[in-house]
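So the structure is just underneath, and the comments pick up after that.
2 protein chains.
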Amino acid sequence: MSENDKYVIGVDIGGTKIYAAVVDANGAIIGSARKRTKAHLGFDAVVGRIEKCIRKAAESCDVDIDSQITAIGIGSPGPLDLKEGKIIETPNLKWVNAPLKSRLQELTNKPVVVDNDCNAGILGEYAFGAGHGAQDMVGLFIGTGIGGGIIIDGKLLHGYNENAGELGHMILDPNGPQCGCGVNGHLEAFASRLAIEREIRKAHSNGEPTRIFEDMEDKTQRIRSKKLAKAFADNDRTVKAAIEKSAIYVGYAVANLLNIFNPQVVVIGGGVVEAVGEPYVRLVRKTAKDKVFNIAFRNVRIVEAELGDDSAVLGAAVLAWNYID
Amino acid sequence: MSENDKYVIGVDIGGTKIYAAVVDANGAIIGSARKRTKAHLGFDAVVGRIEKCIRKAAESCDVDIDSQITAIGIGSPGPLDLKEGKIIETPNLKWVNAPLKSRLQELTNKPVVVDNDCNAGILGEYAFGAGHGAQDMVGLFIGTGIGGGIIIDGKLLHGYNENAGELGHMILDPNGPQCGCGVNGHLEAFASRLAIEREIRKAHSNGEPTRIFEDMEDKTQRIRSKKLAKAFADNDRTVKAAIEKSAIYVGYAVANLLNIFNPQVVVIGGGVVEAVGEPYVRLVRKTAKDKVFNIAFRNVRIVEAELGDDSAVLGAAVLAWNYID
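As they're listed, the protein sequences go chains A and B. Per my numbering, the first sequence starts with residue -4, numbered consecutively. Per my numbering, the second sequence starts with residue -4, numbered consecutively.
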């Protein structure tokens, strides 16, 4: 590494933490830093914390921001105004029309490129993870909610109002359970971690056997993905059925996406998938294969995401590398 | 019109008829011809009939194919191998690996560009019809079956195996009625003309009142779209309910497509929509609006196709105009 080497910085802004990484052109993270978001302090304070996190990441690997960083990419909660780099609103962070891009440009004196966190994660997997080498890719992150993203001809699909890729909000049964957004039968309402948890609690209250609540002091507390994965591995029947239902509905959604886009790769990631792993992806793959035209499945890969927590900073780094003055 | 003017020829190959049109750069049809397909005669005979139809269209407007036609575009039943210009197979025409492009190039001595008929129709509406002026567009044709097509950044989306845009085969309820393709709950199984007909027959056999069978000698014969439209206009309750159910399911599909692509325009066409008209499109629009994020609906147009039977020849003409040696 010489003083002439150029890098970018990718930043992942979440509801609880900020993660910044210095990234080279091959997607290697050569330095990083984390900070708590502390969203309750308000937008101005959080932008200051993002700046500090960026500087700390650069210091961690002795990179000089002024001379060695060409641009900064951000994955942020949205919806966003991409051109202005404004956060239109964030249920998590309670900001409205927050000028993220312009404020960070002032503070760092660097070009800043913004996209939503889910798109950044998909772009990271596309460039440096499970989608590497493909031309078209669709990605789904199965976590507390379900997010998605679409790459066509190597570019993120943003759409007319920059709101494409809301794959969690695909109706899979108009008479299905209500989604957090209010509409019935969305993929998210069938397959997210919250949906899995609801399914388990319903079965439990109907007398189905499960040991998942045994070591929980407060049985109403959130069931984390790792706990779900352990019960799945232990063959807890009720938990297994709920997780398999999630994978089957994700499989229906993937079948739809294959018939719609016919992509080369479908990447499945997020907390639920990371915790359960290949058995989950295998069931998604089997369900999709059963429900899709043979031709749209030929040589198509349905694979687990590879980058874990790094996907969004690496995708944000791609945004920064793609920045042209 | 002078002898120096250049044109292209667009051809729409259907199961029952061939339609060829001479088209200028503005999408005006200056001459045309039709011929029956006579698919039972086999591929060689039909290619000869296509050539004759092309020559007849050129003669109808005194255009010289050798000197005035730059290329020929074809909308064909599929699936197709687009690069080779081969028809991989056609349930309607019973051809397998038919070398449509190379044979027509030999016969006409012109470059030939091939795409599937539904994509050609969508491209026609995009360039010269209801989608004119948009950048991104999604189209659905509701006929005997349901076909679709997707335009991103002004280009048809083909996908990895050239099979993108199968929008009729979107699962809208995994426990729904079986589709012609064998999978349960596809849009086509809820909303095509055949699905509407099945719904009416089911209601009729359950004793629901309808007058649609009154003037039919053979009550098992196919109910055509025009007959459906007349009964709809006459307020036949059972027919109305079946058509409205079709429009509502198309509305669910459009909501999904808006959340997935966030296009600027959604064009709805095909026999059922042409016959029923604006009341059908209005119900699609209302249903989609109720089920989609506000931001993905902002300034988005959901409109009826404008070109009728000309959509595919005009889209085929666009393919030909886009041909670059």
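Beta carbons: idealized from backbone N, C-alpha and C, even for Gly.
Minimum Cβ-Cβ distance from residue i to chain A less than 7 Å
i	result
valine 249 (chain B)	no
histidine 164 (chain B)	yes
asparagine 254 (chain B)	yes
asparagine 158 (chain B)	yes
isoleucine 82 (chain B)	no
isoleucine 147 (chain B)	yes
Rounded distance between the beta-carbons of residue j and residue i, thought under 8 Å
i	j	result
isoleucine 166 (chain B)	valine 178 (chain B)	7 Å
alanine 283 (chain B)	valine 249 (chain B)	4 Å
asparagine 158 (chain B)	isoleucine 290 (chain A)	5 Å
alanine 224 (chain A)	isoleucine 263 (chain A)	Actually they do not touch by this definition, with Cβ atoms about 15 Å apart.
alanine 311 (chain A)	glycine 43 (chain A)	Their Cβ separation, rounded to whole angstroms, is 19 Å, which puts alanine 311 (chain A) and glycine 43 (chain A) out of contact at 8 Å.
glycine 154 (chain A)	glycine 143 (chain A)	Contact doesn't hold; Cβ gap of about 12 Å is too wide.
serine 187 (chain B)	glycine 138 (chain B)	7 Å
glycine 26 (chain B)	alanine 52 (chain B)	5 Å
proline 94 (chain B)	tyrosine 318 (chain B)	Proline 94 (chain B) to tyrosine 318 (chain B), Cβ: 18 Å. No contact.
Limits of the unbroken alpha helix (DSSP H) element including residue i
i	result
asparagine 114 (chain A)	112 to 123
serine 62 (chain B)	60 to 63
tyrosine 14 (chain B)	Here tyrosine 14 (chain B) belongs to no alpha helix (DSSP H); instead the beta strand (DSSP E) covers 12 to 18.
isoleucine 255 (chain A)	232 to 256
lysine 284 (chain A)	273 to 286
glycine 321 (chain B)	Not covered by the structure: residue 321 (chain B). The range shown for chain B is -4 to 320.
isoleucine 45 (chain B)	38 to 55
phenylalanine 185 (chain A)	182 to 186
isoleucine 290 (chain A)	289 to 292
lysine 221 (chain A)	220 to 228
Proximity of residue i and residue j at Cβ, strictly below 7 Å
i	j	result
valine 313 (chain B)	alanine 122 (chain B)	yes
lysine 1 (chain A)	threonine 65 (chain A)	yes
serine 71 (chain B)	isoleucine 82 (chain B)	yes
leucine 182 (chain B)	glycine 163 (chain B)	yes
isoleucine 297 (chain B)	valine 261 (chain B)	yes
proline 169 (chain B)	alanine 184 (chain B)	no
asparagine 114 (chain A)	leucine 75 (chain A)	no
asparagine 156 (chain A)	asparagine 251 (chain B)	no
asparagine 254 (chain A)	glutamate 84 (chain B)	no
tryptophan 90 (chain B)	phenylalanine 38 (chain B)	yes
glycine 80 (chain B)	valine 41 (chain B)	no
alanine 242 (chain A)	isoleucine 191 (chain A)	no
alanine 302 (chain A)	glycine 10 (chain A)	In the sequence on display, residue 302 (chain A) carries leucine and not alanine. Not in contact: leucine 302 (chain A) and glycine 10 (chain A) (Cβ atoms no closer than 7 Å).
alanine 307 (chain B)	glycine 116 (chain B)	yes
lysine 12 (chain B)	arginine 31 (chain B)	yes
glycine 266 (chain A)	serine 220 (chain A)	yes
alanine 28 (chain A)	serine 55 (chain A)	yes
glycine 22 (chain B)	leucine 309 (chain B)	yes
threonine 233 (chain A)	threonine 215 (chain A)	no
glycine 3 (chain A)	tryptophan 316 (chain A)	Residue identity check: residue 3 (chain A) is valine in the sequence provided, not glycine. Yes, these two residues count as a Cβ contact at 7 Å.
Contact test: residue i Cβ vs the ligand NAD heavy atom, cutoff 6 Å
i	result
glycine 264 (chain A)	Annotation note on the ligand NAD: not contained in the displayed structure, which lists no ligands.
C-beta neighbour in chain B for residue i, strict 7 Å
i	result
glutamate 269 (chain A)	no
glycine 154 (chain A)	yes
proline 172 (chain A)	no
aspartate 131 (chain A)	yes
proline 72 (chain A)	no
alanine 237 (chain A)	no
asparagine 317 (chain A)	no
glutamate 161 (chain A)	yes
alanine 291 (chain A)	yes
aspartate 168 (chain A)	yes
Proximity test, Cβ basis, 7 Å: residue i and chain E
i	result
valine 178 (chain B)	No chain E is part of this structure, whose protein chains are labelled A and B.
N-terminal and C-terminal residue of the beta strand (DSSP E) that residue i is part of
i	result
aspartate 7 (chain A)	2 to 8
valine 91 (chain A)	91 to 93
arginine 296 (chain A)	296 to 299
leucine 322 (chain A)	Outside the shown range of chain A, which is -4 to 320, sits residue 322 (chain A), and nothing can be said about it.
alanine 129 (chain B)	Element bounds for alanine 129 (chain B): n/a, residue is neither H nor E.
alanine 28 (chain A)	24 to 31
glycine 160 (chain B)	Premise fails: glycine 160 (chain B) is in no beta strand (DSSP E) and is neither H nor E.
glycine 144 (chain A)	141 to 147
valine 262 (chain B)	260 to 264
glutamate 84 (chain A)	81 to 84
#### Entry: Chain-ordered residues of the segment 273 to 288 of chain B with a beta carbon less than 7 Å from chain A
Of all residues in the segment 273 to 288 of chain B, Lys286, Phe288 have a Cβ within less than 7 Å of some Cβ in chain A.
#### Entry: Proximal residues, the segment 256 to 268 of chain B versus chain A, C-beta separation under 7 Å
Answer in chain order: Phe256, Asn257, Pro258, Gln259.
### Query
Which residues, in order along the segment 107 to 119 of chain A, keep a beta-carbon less than 8 Å from a beta-carbon of chain B?
Answer set for the segment 107 to 119 of chain A: empty.
### Task
Could you run through the segment 294 to 319 of chain A and flag, in chain order, every residue whose CB is less than 9 Å away from some CB of chain B?
Those residues of the segment 294 to 319 of chain A that come within reach of chain B (Cβ to Cβ, closer than 9 Å) are Asn294, Val295.
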